[in-house]
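In this text, residue positions in the sequence shown follow numbering that gives the first Met the number 0: the first is 0, and each later residue adds one.
Ideal Cβ placement from N, Cα and C applies to all residues, glycine included.
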Amino acid sequence: MPEKKPRRTTSKPAQPTKSDRIRSLHRATLSLYADLTLEGTLRRIVQAARELTHARYAALGIPDNHGGLETFLTEGLGQEEVDAIAHPPVGRGLIGEMMRTSASVRLPDLSAHPRSAGFPEGHPPMKSFLGVPISAFGRPVGQLYLTDRIGAEVFSEEDQSLIEMLAAHAAAAIENARLYRQIRDREEEVTARNRELELVNSLATAVSSAMELDALLAEMLDRVIDLFDAQAGEVFLKAEDEKAYGLAVHRGRVAEAFWAASRFRVGEGFVGRVAASGKAAWTTQLGDAEETHRLQPSVLASGIGTMVSVPLKARAQVVGVMSLAFRGNRPLRVGEIGLLEALGAAVGVAVENARLYRQARRVAVLEERERIAMELHDGIIQSIYAIGLTLDSLKTMEGSDREERSAALARVIEGLNAVIRDIRTYILDLQPSRVQMDDFGGALRRLTNEFRANTTVETELLADPKVAETISDSVRLAMFHISQEALANTAKHAQASRVWVSLRREDGDAVLQVIDNGRGFPADEIPTRLGHGLSNIVERARGIGAQVEIASSPGEGTTVTVRLPLDSE
Numbered sequence: 000m001p002e003k004k005p006r007r008t009t010s011k012p013a014q015p016t017k018s019d020r021i022r023s024l025h026r027a028t029l030s031l032y033a034d035l036t037l038e039g040t041l042r043r044i045v046q047a048a049r050e051l052t053h054a055r056y057a058a059l060g061i062p063d064n065h066g067g068l069e070t071f072l073t074e075g076l077g078q079e080e081v082d083a084i085a086h087p088p089v090g091r092g093l094i095g096e097m098m099r100t101s102a103s104v105r106l107p108d109l110s111a112h113p114r115s116a117g118f119p120e121g122h123p124p125m126k127s128f129l130g131v132p133i134s135a136f137g138r139p140v141g142q143l144y145l146t147d148r149i150g151a152e153v154f155s156e157e158d159q160s161l162i163e164m165l166a167a168h169a170a171a172a173i174e175n176a177r178l179y180r181q182i183r184d185r186e187e188e189v190t191a192r193n194r195e196l197e198l199v200n201s202l203a204t205a206v207s208s209a210m211e212l213d214a215l216l217a218e219m220l221d222r223v224i225d226l227f228d229a230q231a232g233e234v235f236l237k238a239e240d241e242k243a244y245g246l247a248v249h250r251g252r253v254a255e256a257f258w259a260a261s262r263f264r265v266g267e268g269f270v271g272r273v274a275a276s277g278k279a280a281w282t283t284q285l286g287d288a289e290e291t292h293r294l295q296p297s298v299l300a301s302g303i304g305t306m307v308s309v310p311l312k313a314r315a316q317v318v319g320v321m322s323l324a325f326r327g328n329r330p331l332r333v334g335e336i337g338l339l340e341a342l343g344a345a346v347g348v349a350v351e352n353a354r355l356y357r358q359a360r361r362v363a364v365l366e367e368r369e370r371i372a373m374e375l376h377d378g379i380i381q382s383i384y385a386i387g388l389t390l391d392s393l394k395t396m397e398g399s400d401r402e403e404r405s406a407a408l409a410r411v412i413e414g415l416n417a418v419i420r421d422i423r424t425y426i427l428d429l430q431p432s433r434v435q436m437d438d439f440g441g442a443l444r445r446l447t448n449e450f451r452a453n454t455t456v457e458t459e460l461l462a463d464p465k466v467a468e469t470i471s472d473s474v475r476l477a478m479f480h481i482s483q484e485a486l487a488n489t490a491k492h493a494q495a496s497r498v499w500v501s502l503r504r505e506d507g508d509a510v511l512q513v514i515d516n517g518r519g520f521p522a523d524e525i526p527t528r529l530g531h532g533l534s535n536i537v538e539r540a541r542g543i544g545a546q547v548e549i550a551s552s553p554g555e556g557t558t559v560t561v562r563l564p565l566d567s568e
């Protein structure tokens, strides 16, 4: 008998059981918390709803609290199909009904519902429908829409139950995502405020420092550009003796300056108008007819479309204008304008302080030049003139005694050596090194050694190292100069054979004292004797808040005493 072939049988794939679907729901709810961003959470919710119900199409809408939808995400439609739809849902029809009732809707044919508003042009046909609201704490936060159940004519009660359970988890996931976004926004806001405070603090530090103006402007402009994420920035400063503003610094990713002109009069151009009004101004139309001819061609070519300028103010005067350039249309918030104006005021004060510091240095240099000129005239030049007269007299001594001529030459040599010593003293006075000030006791020791070598006057130094360490660098420098002045006066006028220099602590004061045993001068002549040397001692002592006393009498030498209360340090 022929062998019978086994009969083939066909069977439908097993339908997922209720327990399978519950497990699928569990996996789907866990996936909702894998991404804390709001957009990622919403996308995972709509994907999970479509997979759980085997729907052809799925969507999720977020209401805008004005009867419409602020967000509408779809699954199952290709991009071309989405683009072909005339407009997204606007909140009428079944969507509007669900917003009003906050109840689930399950229909075999959504077009047959009396509240159906139909589809916009280009929308694909859809029949079966399941809509489930998403609520958190009794407040609607979204809606799930599912259409065209695959493998069935309608969505089942089990489908509705699964999606309602998914919606409960989705509500918590959406609230978590919103809370995460709020926290992230707050962190970004706090970070931005910290950066603003850091910039304001650095400006406050710059205002109180003696920073060079060019370096100050470059550093501050770099910080402002970085804070506002600008493409470039410029600062125009008012000339000290003119009514025009000239370009002082340009920084940023745009290589060329903004404007074709490097100077603007008050009221001229964008910079001049800000200088005239004293108020911030911004424009998002740099290419308009009024300003185009003033701009460098490369500025518009680089995509710059927005500029903001703020005045730099000091003592109610506009001392400069700071400008920032942004790519494209960059509207500025009121808070940003207020911050820029505050920064402009701080930079203005810093500019004014830097200029005052520079002027003070100029005055100090001029005063020092005047002092040196007077002392050169009174001392060295007169000594050289006397040497010249002695040399002239040698011409008339050709027949004189040899010993007399030798004595005259010896006086010439001694005079030249004295001039050399004075010049060395001036050089030392003009070049006090920082290393010497760090070791104040060593600086005084080198000064007295130099004085002894140049004058052959016996010199004794007693310096308390604890006092030298206690006083600040500025006080050390002032006391060093006072010691120089006192020793120079002794060398020039005192005819002393011995000098004592001391630095000690006495009754809570730091005391610097220079004593010589020279010829001295009457006490009533001290005011008239306050030439450049003694007047410099007095001024330097007052500059550090110290008291100075100059005591002298004929034949008993001179004592210069400087007292500085250590608590003032």
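Buried/exposed call for residue i, threshold 16 Cβ in 10 Å
i      : result
PHE136 : exposed
SER482 : buried
ALA315 : exposed
LYS11  : Low per-residue confidence applies at LYS11: pLDDT is 49, beneath 50, and the placement is therefore not dependable enough to give any value.
VAL320 : buried
GLN78  : exposed
GLN512 : buried
ASN448 : exposed
SER308 : buried
THR190 : exposed
THR16  : exposed
ARG575 : For residue 575 there is no data in the structure shown, the boundaries of the chain being 0 and 568.
ARG595 : Only positions 0 to 568 of the chain appear in the structure, and residue 595 is not among them; the question remains open.
ARG99  : exposed
LYS312 : buried
HIS25  : exposed
ASN600 : With the chain represented from 0 up to 568, any question about residue 600 goes unanswered, as that position is not in the structure.
ARG329 : buried
LYS237 : buried
SER18  : exposed
ASN416 : exposed
Near the ligand ADP: residue i beta-carbon under 7 Å from a heavy atom
i      : result
LEU393 : The ligand content of the structure shown is nil, which means the ligand ADP is not present either.
Cα-Cα separation, residue i to residue j
i      : j      : result
PRO431 : ASP391 : Here the model assigns PRO431 a pLDDT of 44, short of 50, so the residue's position is not dependable and the matter cannot be decided.
GLN46  : GLU74  : 7 Å
GLY343 : ARG293 : 24 Å
PHE439 : ILE386 : 38 Å
ARG326 : GLY251 : 12 Å
GLY141 : ASP158 : 18 Å
ILE133 : ASP228 : 40 Å
ILE94  : SER115 : 9 Å
PHE269 : ALA359 : 34 Å
THR305 : LEU331 : 10 Å
VAL182 : GLY245 : The amino acid occupying residue 182 in the given sequence is Ile; Val does not appear at that position. Approximately 45 Å, taken between the alpha carbons.
ILE336 : THR36  : 31 Å
ALA57  : ASP184 : 30 Å
ALA490 : THR454 : 7 Å
VAL298 : ILE173 : 45 Å
ALA477 : GLY441 : 15 Å
ASP108 : ARG55  : 15 Å
TYR356 : ALA256 : 28 Å
ALA217 : GLU233 : 9 Å
VAL411 : THR389 : 7 Å
GLU80  : HIS86  : 12 Å
PHE450 : PHE235 : 52 Å
ALA48  : ILE149 : 13 Å
HIS480 : ARG401 : 45 Å
Contact belief for residue i with residue j at Cβ below 8 Å, rounded distance in angstroms
i      : j      : result
GLN230 : ALA300 : Not quite, the Cβ-Cβ distance comes to about 13 Å (not below 8 Å), so this is no contact.
VAL104 : GLY130 : 4 Å
ALA509 : ILE549 : Contact flag wrong, Cβ pair sits at about 18 Å.
LEU51  : ARG20  : 7 Å
ILE84  : HIS122 : 5 Å
PHE128 : LEU161 : Between LEU161 and PHE128 the Cβ distance is about 16 Å, and since that is not below 8 Å, they are no contact.
VAL537 : ASP515 : Rounded, the Cβ-Cβ distance is 18 Å, inconsistent with contact.
THR560 : SER551 : Contact doesn't hold; Cβ gap of about 12 Å is too wide.
LEU502 : LEU443 : 7 Å
GLY517 : ALA493 : 3 Å
* Could you tell me which uninterrupted beta strand (DSSP E) segments, each at least 3 residues in length, are contained entirely in the segment 280-364, listed from first to last along the chain? => Runs of the beta strand (DSSP E) inside the segment 280-364: 280-282, 303-313 and 316-326.
Closer than 8 Å is the cut-off here; do at least three beta carbon pairs connect the segment 150-167 with the segment 175-185? In short, these stretches do not touch, since the Cβ pair count stays below three.
- Item | Runs of beta strand (DSSP E) wholly within the segment 227-287 (minimum 3 residues, chain order) | Contiguous beta strand (DSSP E) elements confined to the segment 227-287 occur at 231-237, 243-251, 262-264 and 280-282, taking only those with 3 or more residues.
**Q.** Unbroken stretches of the beta strand (DSSP E), 3 residues or longer, contained in the segment 100-128
**A.** Here the runs fully enclosed are 104-106.
If you scan the segment 47-100 from start to end, which runs of the beta strand (DSSP E) of 3 or more residues do you find wholly inside it? Within the segment 47-100, complete beta strand (DSSP E) segments of at least 3 residues are found at 54-62 and 68-74, given in chain order.
- Looking at C-beta atoms only, is the number of pairs between the segment 462-479 and the segment 403-421 that lie closer than 8 Å three or more? Judged by Cβ distances under 8 Å, the segment 462-479 makes no contact with the segment 403-421, as fewer than three pairs qualify.
3-residue-minimum beta strand (DSSP E) runs that sit fully inside the segment 465-545, ordered along the chain
DSSP assignment within the segment 465-545 yields the following whole beta strand (DSSP E) runs of 3 residues or more, N-terminal first: 497-505 and 508-515.
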